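A short write-up of the structure that comes next.
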Amino acid sequence: MNYICVECHTTYPLESNKWKCECGGLLNLEYEKKAVDFTETATSRNHSLWKYVDALPFEKDDVWQEITLGEGDTPIIKIAENVYAKADYYMPTLSFKDRGAVLLIAMAKKLGIKRVVADSSGNAGTAITAIAAYGARAGIQCDIFVPASTSSKKIAQIEAHGAAIHKVPGTREDTASAAIAMVKSTESFYASHIYNPIFWEGTKTYVYEVFEQMNNNMPDAFIVPVGNGTLLMGAYIAFQELVANGQIEKMPRILAVQAEACAPIMKAFAGGQDTVEPIEHTGTLAEGIAIAAPARGTEILQAIRATEGDIIGVSEESIIEARKQLALKGIYVEITSAANYAGYLQYMEKYPELKDQQIVFPLCGAGLKSN
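Going letter by letter, the sequence shown gives residues 0 to 370 in numbering that gives the first Met the number 0.
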């Protein structure tokens with residue numbers, strides 16, 4: 000099992016604690032993968048994402064058993080005819096980010112790591128909350144870097160798990176730079192949901208669960224929110240694995256959603272570009288996807304195009320209205336999750352044929368995470 004550079008294809012052992020190649024390229028993960036036996040998982044008494052351990056970089060009897068909090072195996076809820084929402088806010092820290100965080104921390108534990116460093120990308124901070132929670136579970140010291148403007152409520156939740164908080168004045172980039180400086184000076188494990196591809200190994204289980212919950216069938220399209228692309232990239236990896244294993248014939252479409260107020264990937268896609276140029280962030284209520292300079296932009300574009308997908312932007316007004324509509328259906332989610340429903344409504348107008356196709360979109364975070 001190795002990290003591999005997406006640019007020069009240099010490989011590094013996981014023990015190297017690399018988070019970026021010497022050439023500056025980003026790293027992906029390569030290892031020998033096994034096909035999941037869905038007849039076995041259907042009757043498994045393990046009601047968590049770990050019932051798909053054959054498709055994960057761990058053994059069945061491994062360190063993850065000491066760390067899991069029962070994350071995953073979240074329900075799918077029928078919203079309309081052929082339309083389903085996957086309630087990924089039914090998680091220990093109320094966010095889908097638990098999928099990736101438990102994989103990252105379990106791997107750190109397996110490698111004998113005593114200290115991890117993580118930073119907020121400047122969004123809702125759900126990833127670092129999950130890192131802190133699972134770090135506490137694993138007995139690993141967590142140093143969490145956040146912008147000085149981070150709300151006291153979010154900081155209190157992270158500190159409750161025993162993590163050390165480092166408030167950084169300035170921009171999001173300043174926060175990341177401070178975290179990276181500590182990683183380099185202390186040779187710590189960088190538990191980044193952006194740079195470390197182990198995180199995607201967790202988020203890909205979202206698709207495995209949907210496939211099993213729909214009686215070993217895949218919906219025609221997945222509506223996916225995209226900021227840094229952690230769920231989108233995990234989903235794309237799962238699609239590729241299921242095709243390679245002969246369990247599905249073709250990949251579903253990725254129909255991505257960004258907030259109009261912060262949509263650099265949509266802009267690049269519409270312009271036929273292969274790379275994503277940073278934009279000025281003018282502000283959006285959908286904090287969880289408010290990423291003006293996504294590090295994995297090129298890979299996100301490739302995934303959308305490989306599935307014959309699309310990406311749209313949703314307005315602030317439509318996000319607010321979508322949140323109200325979901326609440327009236329008994330579903331109370333954070334604002335970013337409401338953007339997914341707003342995206343679904345907009346896609347139905349753009350592609351009328353979708354009304355006859357099966358669609359799944361995620362409910363990524365609980366309503367209590369938003370004001």
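Yeah, the Cβ is synthetic: ideal placement off N, Cα and C, and Gly gets one too. Bear in mind that the values here come from a model prediction, so they are computed numbers and not experimental data.
For the set D173, I222, N227 and A365, the Cα lying nearest the Cα of V313 is the one of I222. For G364, the beta-bridge partners assigned by DSSP are S94. Pairing E276 with A294, the inter-Cα distance amounts to about 10 Å. Sequence-distant Cβ neighbours of A117 in its own chain, meaning closer than 6 Å and more than five residues away, are I127, I130, I143 and A190.
In the three-state reduction of the DSSP assignment, E316 falls in the helix class, which pools H, G and I.
In the same chain as D97, and ignoring 5 residues on each side of it, the C-beta atoms closer than 7 Å to its own belong to E70, M90, P91 and A129, in chain order. Note: P224 is bridge-paired with V256 in the DSSP secondary-structure output. Annotation for F144: the continuous beta strand (DSSP E) segment containing it runs Q140 to P146. Note: V115 is bridge-paired with C141 and F188 in the DSSP secondary-structure output. Residue environment for N214: exposed (fewer than 16 other C-beta atoms within 10 angstroms of its C-beta). Looking at the DSSP output, N1 sits in a beta bridge with P12 and E29. Secondary structure at D309: strand, using DSSP grouped into helix, strand and coil.
Exposure of E279 is indicated by the presence of fewer than 16 other C-beta atoms within 10 angstroms of its C-beta. Less than 8 Å divides the Cβ of M232 from the Cβ of I299. In this structure, S369 is the residue among A105, S369 and V225 with its C-alpha nearest to the C-alpha of I334.
Counting along the chain, I75 sits inside the beta strand (DSSP E) bounded by residues I75 to A79.
Shown here for A177: same chain residues with a beta carbon closer than 8 Å to its own, the five before and five after excluded, namely D118, F144, H165 and V167 in chain order. Using a 10 angstroms sphere on the CB of R252, the tally of other CB atoms reaches 16 or more, which defines it as buried. Comparing C-alpha distances from I311 to each of V256, Y194 and A147 shows the shortest one belongs to V256. Burial of N195 is indicated by the presence of at least 16 other C-beta atoms within 10 angstroms of its C-beta.
Residue environment for R44: exposed (fewer than 16 other C-beta atoms within 10 angstroms of its C-beta). DSSP, reduced to helix, strand and coil, places K349 within a helical segment of the structure shown. By the Cβ criterion, the segment 57-75 is in contact with the segment 95-110, since at least three pairs of Cβ atoms, one from each stretch, lie closer than 8 Å. Taken atom to atom, the span from the alpha-carbon of V359 to that of Y340 is near 10 Å. Following the DSSP letters along the chain, one finds Y207 inside the alpha helix (DSSP H) bounded by residues T204 to Q212.
If you draw a straight line from the Cα of T40 to the Cα of A237, it comes to about 16 Å. Closest by C-alpha distance to Y235, out of V206, A260 and G226, is V206. Counting every other CB atom within 10 Å of its CB across the protein chains shown gives G111 a total below 16, marking it as exposed. Taking the C-beta atoms as reference points, F268 is found no nearer than 8 Å to L241.
In the DSSP assignment, A234 falls within the unbroken alpha helix (DSSP H) covering T229 to A243. Shown here, V35 sits in coil according to DSSP, grouped into three states, outside any helix or strand.
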